[in-house]
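No gaps in the numbering here: position 71 of the sequence shown is 71 in UniProt numbering, and each next residue is one more.
Even for Gly, the Cβ is constructed at its ideal location relative to N, Cα and C.
The model shown is predicted, which means the values in this text are computed figures rather than measured ones.
So the structure is just underneath, and the comments pick up after that.
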Amino acid sequence: MPTPLVVSDVAKSFTMHLRDGIKLPVIASVSFSIKAGECTVLGGPSGAGKSSILKMLYGNYAVDEGQIIVMHDDGLIDLATASPRTVLAIRRQMIGYVSQFLRTVPRVSALDVVAEPLVERSEDRESARGKARALLAQLNLPEKLWALPPATFSGGEQQRVNIARGFITEHPILLLDEPTASLDARNRDVVIELIAAKKAAGVALLGIFHDHDVREAVADRIIDVTAFAPGKIAA
Ligand SMILES: Nc1ncnc2c1ncn2[C@@H]1O[C@H](COP(=O)(O)OP(=O)(O)OP(=O)(O)O)[C@@H](O)[C@H]1O
């Protein structure tokens, strides 16, 4: 599966319904593919549309035009027009997503927040917790926090729980939205190691990294999103 995801001529604008329906075009003619075993990075200044692209690829934002072709169940599916049920199946099997912030669930321990994606995929709970412990230890989350719900954790602690939760599965495609934004240098290095391990396992990664050193360490290719500014003729 060398190219599990191809984006073709995608455009996105936002309609501001509370502002007389003003239409805000964000990106147009977005075309690229990502490859197994590589980390592709979306680059460009703030507001260029990087997060919007990731959110369309995960099915969180609707797509105005174009196709997002994903390998799924030995066939090809256009995520841009797929039914919500198919989008959920693709998320379960094909596409993982690490957002910038953890959505905390009351009363669920950090360990179970991390183990949950595996348990949902029918993995035995104890085996899932074993993998969760290994990841939380690798990410230097103090063991005394593992049994606590992450709601009261610091920003960096919550981000590490979120990273562990995103990296615990074996999705062939992994989307990363600034996974290192709140981390110190030591834990940024751990994330660089985790990304290298995913690449070695043949995962196709697509990420946004504002930290220059992290970007340099992980990127096989940088796509400049300003090339997709609306009104710009794609090269
Ligand atoms: N849900 C939304 N509703 C309205 N406008 C939006 C929405 N999401 C994004 N935008 C607008 O789309 C443009 C691109 O935003 P996006 O978050 O994709 O940029 P970005 O390149 O990821 O920026 P940053 O690096 O600052 O995170 C911005 O002008 C933003 O205001």
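Asked                                                                                    : Found
Where the alpha helix (DSSP H) containing G47 begins and where it ends                   : From DSSP, G47 is part of no alpha helix (DSSP H); its letter is neither H nor E.
CA nearest to the CA of T104, picked from L141, A82 and F153                             : F153
Every unbroken alpha helix (DSSP H) inside the stretch 38 to 120 [4 residues or more]    : 50 to 57, 84 to 93 and 110 to 120
Backbone CA spacing between A115 and R91 [nearest angstrom]                              : 17 Å
Cβ separation of K149 and M71, assumed to be a contact under 8 Å, to the nearest whole Å : Here residue 149 is Pro; the residue named in the question, Lys, does not match the sequence. Not a contact, Cβ separation roughly 36 Å.
For A137, the first and last residue of its enclosing alpha helix (DSSP H)               : R125 to Q138
Delimiting residues of the beta strand (DSSP E) encompassing D224                        : R221 to D224
Contact check, A48 vs A229, beta carbons under 9 Å                                       : yes
Nearest-angstrom Cβ-Cβ length linking I69 and L76, presumed shorter than 8 Å             : 5 Å
Buried/exposed call for A235, threshold 16 Cβ in 10 Å                                    : Below a pLDDT of 50, predicted positions are generally treated as unreliable, and A235, at 47, falls in that range; no measurement from the model is reported.
Endpoints, beta strand (DSSP E) assigned at G207                                         : A204 to I208
Where I168 falls: helix, strand or coil (DSSP)                                           : coil
Spatially closest choice to S109 from E143, S31, S33 and E120, by CA coordinates         : E143
Nearest candidate by alpha-carbon position, reference V225, set S13, G37, G44 and L111   : G44
Simplified DSSP state of residue 236, which is helix, strand or coil                     : Absent from the model: residue 236. The displayed extent of the chain is 1 to 235, so no value can be given.
Length of the line joining the Cα atoms of V7 and T15                                    : 22 Å
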